[in-house]
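Since the structure comes first, as structure tokens, the remarks are kept for the end.
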Amino acid sequence: DSGVTQTPKHLITATGQRVTLRCSPRSGDLSVYWYQQSLDQGLQFLIQYYNGEERAKGNILERFSAQQFPDLHSELNLSSLELGDSALYFCASSVPGQVETQYFGPGTRLLVL
Amino acid sequence: GIQVEQSPPDLILQEGANSTLRCNFSDSVNNLQWFHQNPWGQLINLFYIPSGTKQNGRLSATTVATERYSLLYISSSQTTDSGVYFCAVESKSGGGADGLTFGKGTHLIIQP
Numbered sequence: 001d002s003g004v005t006q007t008p009k010h011l012i013t014a015t016g017q018r019v020t021l022r023c024s025p026r027s028g029d030l031s032v033y034w035y036q037q038s039l040d041q042g043l044q045f046l047i048q049y050y051n052g053e054e055r056a057k058g059n060i061l062e063r064f065s066a067q068q069f070p071d072l073h074s075e076l077n078l079s080s081l082e083l084g085d086s087a088l089y090f091c092a093s094s095v096p097g098q099v100e101t102q103y104f105g106p107g108t109r110l111l112v113l
Numbered sequence: 001g002i003q004v005e006q007s008p009p010d011l012i013l014q015e016g017a018n019s020t021l022r023c024n025f026s027d028s029v030n031n032l033q034w035f036h037q038n039p040w041g042q043l044i045n046l047f048y049i050p051s052g053t054k055q056n057g058r059l060s061a062t063t064v065a066t067e068r069y070s071l072l073y074i075s076s077s078q079t080t081d082s083g084v085y086f087c088a089v090e091s092k093s094g095g096g097a098d099g100l101t102f103g104k105g106t107h108l109i110i111q112p
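First to last, the protein sequences are chains L and S.
Note that our numbering numbers the first sequence so that position 34 is 34, with each residue one more than the last.
Note that our numbering numbers the second sequence so that position 14 is 14, with each residue one more than the last.
See below:
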């Protein structure tokens, strides 16, 4: 158990819908990262937040957005869903202010029908 | 951006065998991690190893940063070692504000 929690574990929805994925980092970690794992693209970095502020952006679509709240949990919002958004979405967290190990949560498996 | 290549892409071994997985990267890194993704999809941290050598039980890893590669060694393989092994790096040029870039992984199958 990495200490990073993600909910829900599984999500099934329809094209055009909007969903929210939630992540709670390890206690004391200020950085949260979101990744997408799909068959086509492999594991891709989406976005990073540090203590509530966006810090880095990767291959995140405009239809996707994220935020980190004062209690440091983070949410990834996916809207106008397409079939190709079906993937495993991971959240990771790391020690504040250091380049160090990122600890990954169990992931949310999203299926868009 | 930084490129990460892993080899071999697939590996099938008998229980008890040893294996070496390789990760080549195209730029200087300040973070390199090895992960094992189990059949349930969970990503398990194996090593944080931007340079040097580490060992943990039957697993060990070596990163030669100057030559831009890392090796993961698995000895006396067990069926529970099956899964996909990923190497992931963070480029030094990102200033510590980038996410990890993952390789495509090595799919390892250990047969009893």
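No residue lacks a Cβ here, since even glycine has one placed at the ideal position from N, Cα and C.
Please read all numbers here as calculations on a predicted model, not as lab measurements.
- Under the criterion of beta carbons closer than 8 angstroms, residue 103/S and residue 88/L do not qualify as touching, at roughly 17 angstroms.
- Of the residues 37/L, 95/L and 11/L, the one whose Cα lies closest to the Cα of residue 110/L is 11/L.
- According to DSSP, residue pairing for residue 111/S in a beta bridge involves 14/S.
- Nearest in C-alpha terms to residue 63/L, of all of 69/L, 81/L and 52/L, is 81/L.
- Within chain S, the residues 31 and 48 have their CB atoms less than 8 angstroms from the CB of residue 100/L, given in chain order.
- Residue 106/S and residue 27/S have their C-alpha atoms some 21 angstroms from each other.
- The Cβ atoms of residue 13/S and residue 110/S sit closer than 9 angstroms to each other.
- Beyond the five residues adjoining it in sequence on each side, residue 26/L comes within less than 8 angstroms, by CB distance, of 2, 3, 4, 93 and 103 in the same chain, given in chain order.
- The stretch 31-45 of chain L makes contact with the stretch 54-68 of chain L, as at least three CB pairs between them are under 8 angstroms.
- Around the beta carbon of residue 77/L, fewer than 16 other beta carbons sit within 10 angstroms, so the residue counts as exposed.
- Beta-bridge pairing by DSSP links residue 38/S to no other residue.
- Setting aside the 5 residues that flank it on each side, residue 51/S is surrounded in the same chain by 63 and 65, each with a C-beta closer than 6 angstroms to its C-beta; the list follows chain order.
- For residue 33/L, the nearest CB of chain S lies under 9 angstroms from its own CB, placing it at the interface with that chain.
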